[in-house]
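In the numbering used here, the protein residues as written are 1 to 597. By construction, the Cβ of each residue, glycine as well, lies at the ideal position given by its N, Cα and C atoms.
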Ligand code: ARG
């Protein structure tokens, strides 16, 4: 894959080199020689703030050269050392107490745009190439329960995290750690035995299964006998009893089919490897902790592991001998590191499970599976989804919202709005394309509404805001992209432009208008954005980027006429480079793009 340093890396390198020429002793003074994107781009594109700390240190060391007695003079000396003939920056100036402001050279920006066109893809940042195996544990709903909106968050964020890691070359295992084990199966099995004696020929469907879960739970809470046989079923299931296994399998299959429907709609790829998979891997793990002398026996006989900083231990075995959530996750992390060869493990769940995962990570260190930076372990915890009343997201009748209903609603609202557009004669699509377009936009809107914020925040679910054609929504972005594509196709159809030929022929691009230059600069920022995203794996960085890019693009097309002008060929190419970059962002976010709306 073609790759280039990001603007952050390229400008940092030029600043660092200039600093070391002007002040060779800076290398040993521990000053960070980095650049930043300017917050307010009216003053510059990238800036370096090293002159002030450098001045302090030089002064303290008595090493200020003759004629340099202020931070501003340190900054000036750096600017002189950088000189005009570096390939990246121009227009270097000292600002305020010693900030060095710079502009990116037009020639550098043009190379960037040409690379996008030539490769039909934005250029990857050099620094981000990853080679390891990454296990991403996401979605992970629970069998026999309906997937809820929390699982939707995990699914949407997880898919995007996987795509981002794959984009930079990591080998990603997408793991669906479904809750297919544990004590709830005792009552489910018992209830199924009693209610559906001929369950093997007549498979209950999931809508039944949710009610079914509730009913089983009710009987479990009411009847002591039912409770007792249920608990026996758990033991039988875990010991491999044939009938229990069979019923368990039926329940898993029914749920799995429902989950698959959601995954197919949303273009989610994830491979099931549920809790049950680790059942026979838990005892050896407990043995290993025991042997290492870090397993404790608590009152009642539970086997635990204590880790620093937490008031309660991880429970590897309950007092009744059973295994729970902690046991499974310890066996799972060992399996991922040892058998899957993971160098990085990412878990995506609601934030309330944060402590659980930090304890699992600490225990993995305590036993020595992870040492120093041998592995990167991340938990991405997300906040709750609230209804418009600010309370937990529920239907009017107080039930949890079914995912399928939620997705249907987003699509049908989009269909209505597209049909209206067709009726008004504004649409670029025909009636028979409405459904497909509405799916791309509706699902895209649901995903983007979630991805565009820091996952730790709670958010209020609102169709109106999610499907708004203005503001930071997928709908706005998809329209902006389609607008660029429509300019390109009109140039081709009505003005005889052949974009592919222009690219092949090396048609020169001109950044004459400031909105053209600004657009080219934003295209180049893509690489910064990928670098930024890899630090915390939060996809909102990409949302911010693509939103800013589309604002720059819409500024450009409002201020610069494209069709029929002298600059048409150059401007059409800018449209194409922007559309390519937007599509890459959509891809990373798991959003389907459409060429016309
Ligand atoms: N099934 C769990 C839930 O619904 C999420 C599992 C997350 N993954 C894990 N390895 N614990 O909350």
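Asked                                                                                                                                                                            : Found
Counting contacts by CB-CB distance shorter than 8 Å, is residue 544 in contact with chain B?                                                                                    : Among the protein chains of the structure shown there is no chain B, as only one such chain exists.
List the whole-angstrom C-beta distance separating residue 270 from residue 139, where the pair is believed to meet the contact cut-off of C-beta under 8 Å.                     : 5 Å
Determine the contact status of residue 350 and residue 393, defining contact as a CB-CB distance below 8 Å.                                                                     : no
Residue 82: which of 61, 13, 68 and 38 sits nearest, CA to CA?                                                                                                                   : 13
Helix, strand or coil for residue 127 per DSSP?                                                                                                                                  : helix
Rounded to a whole number of angstroms, what is the C-alpha to C-alpha distance between residue 21 and residue 527?                                                              : 27 Å
Can you determine whether any heavy atom of ligand 1 sits closer than 7 Å to the C-beta of residue 375, and answer yes or no?                                                    : no
Which class does residue 534 belong to by DSSP, given the choice of helix, strand or coil?                                                                                       : helix
Have a look at residue 278 and residue 163 and give me their C-alpha separation to the nearest angstrom.                                                                         : 26 Å
In terms of residue numbering, what span does the beta strand (DSSP E) encompassing residue 579 cover?                                                                           : Per DSSP, residue 579 belongs to no beta strand (DSSP E); it is in the alpha helix (DSSP H), 568-589.
CA-CA distance, residue 78 and residue 529?                                                                                                                                      : 27 Å
Report the CB separation of residue 480 from residue 554 in whole angstroms; it is logged as a contact under 8 Å.                                                                : 6 Å
Reducing DSSP to helix, strand and coil, say where residue 76 ends up.                                                                                                           : helix
Are three or more beta carbon pairs between the segment 394-407 and the segment 366-384 nearer than 8 Å?                                                                         : no
Report the CB separation of residue 491 from residue 563 in whole angstroms; it is logged as a contact under 8 Å.                                                                : 6 Å
Using 8 Å as the threshold, is the segment 499-509 in touch with the segment 103-123, meaning 3 or more CB pairs across them?                                                    : yes
Just grab the DSSP bridge partners of residue 145 for me.                                                                                                                        : None, per the DSSP bridge assignment.
Name the DSSP beta bridge partners of residue 4, please?                                                                                                                         : 125
Please list the segments of the alpha helix (DSSP H) lying wholly inside the segment 262-335, counting only runs of 4 or more residues, in order along the chain.                : 282-291
What does DSSP give as the partner residue(s) for residue 185 in the beta ladder?                                                                                                : Answer is none; residue 185 lacks a bridge partner.
Are the beta-carbon atoms of residue 466 and residue 438 separated by less than 8 Å?                                                                                             : no
Report the partner residues of residue 382 according to the DSSP bridge assignment.                                                                                              : 350
So for residue 176, helix, strand or coil by DSSP?                                                                                                                               : strand
For ligand 1, is there any heavy atom lying closer than 7 Å to the beta carbon of residue 142?                                                                                   : yes
DSSP three-state label for residue 470, please.                                                                                                                                  : coil
Drop a sphere of 10 angstroms on the beta-carbon of residue 225, count the other beta-carbons inside from all chains shown, and report buried for 16 or more, exposed for fewer. : exposed
Find the nearest neighbour of residue 49 within the set 308, 243, 102 and 322, judged by alpha-carbon distance.                                                                  : 102
Would residue 599 and residue 560 be called neighbours here (beta carbons separated by less than 8 Å)?                                                                           : A question about residue 599 goes unanswered here, because the residues of the chain that appear run from 1 up to 597.
Residue 551 to residue 537, Cα distance in whole Å?                                                                                                                              : 24 Å
Within the continuous alpha helix (DSSP H) that includes residue 56, where are the two ends?                                                                                     : 51-60
Assuming residue 258 and residue 177 form a contact by the criterion Cβ under 8 Å, report the distance between their Cβ atoms to the nearest whole angstrom.                     : Residue 258 to residue 177, Cβ: 17 Å. No contact.
Could you pull the DSSP bridge partners for residue 138 from this structure?                                                                                                     : Answer is none; residue 138 lacks a bridge partner.
May I ask you to verify whether the segment 28-38 touches the segment 64-78, counting CB pairs closer than 8 Å and requiring at least 3?                                         : no
First and last residue of the beta strand (DSSP E) that includes residue 101?                                                                                                    : 99-104
Return the chain-ordered list of same chain residues with a C-beta closer than 6 Å to the C-beta of residue 115, the five sequence neighbours on each side being excluded.       : 123
Does at least one heavy atom of ligand 1 sit under 7 Å from the Cβ of residue 22?                                                                                                : no
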